Amino acid sequence: MADPIVAAIAFDGISPFHLSVPCLVFGEDRAALGLPRFDFRICAI
104 MADPIVAAIA
114 FDGISPFHLS
124 VPCLVFGEDR
134 AALGLPRFDF
144 RICAI
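Numbering (our numbering) for the sequence shown: 104 to 148.
Structure, rendered in structure tokens:
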């Protein structure tokens, strides 16, 4: 089964802090802790 895809949308004026939160939550591989993996992407508009 493929990893679920999670995308964060970066847009003009987004706060770097608000963009960093999904990066911290979904961007790290925590499979060794028994947590699910995600295919994380940042998309710009």
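A virtual CB, placed ideally from N, CA and C, is assigned to each residue, including glycine. No experiment lies behind these values; they were computed from the predicted model shown.
Q. Under 9 Å, do Ala147 and Phe120 count as touching if we go by C-beta distance?
A. Within the sequence shown, numbered from 1, the residue matching residue 147 stands at position 44. Within the sequence shown, numbered from 1, the residue matching residue 120 stands at position 17. The Cβ atoms of Ala147 and Phe120 do not sit closer than 9 Å to each other.
Q) So is Ala111 buried or exposed if we call it buried at 16+ other beta carbons inside 10 Å? A) For the purposes of this step, residue 111 is taken as the residue at position 8 of the sequence shown. Ala111 counts as buried, since no fewer than 16 other beta carbons sit within 10 angstroms of its beta carbon.
Q.
Please return the same chain residues whose Cβ sits closer than 8 Å to the Cβ of Ala105, not counting the five positions on each side in sequence.
A. Against the sequence shown, residue 105 aligns to sequence position 2. Asp142, listed in sequence order.
Q: Tell me, to the nearest whole angstrom, how far the beta carbon of Arg144 is from that of Ile108; I am working on the premise that it is less than 8 Å.
A: For this step, residue 144 is matched to residue 41 along the sequence shown. For this step, residue 108 is matched to residue 5 along the sequence shown. A Cβ-Cβ separation of about 7 Å places Arg144 in contact with Ile108 under the 8 Å criterion.
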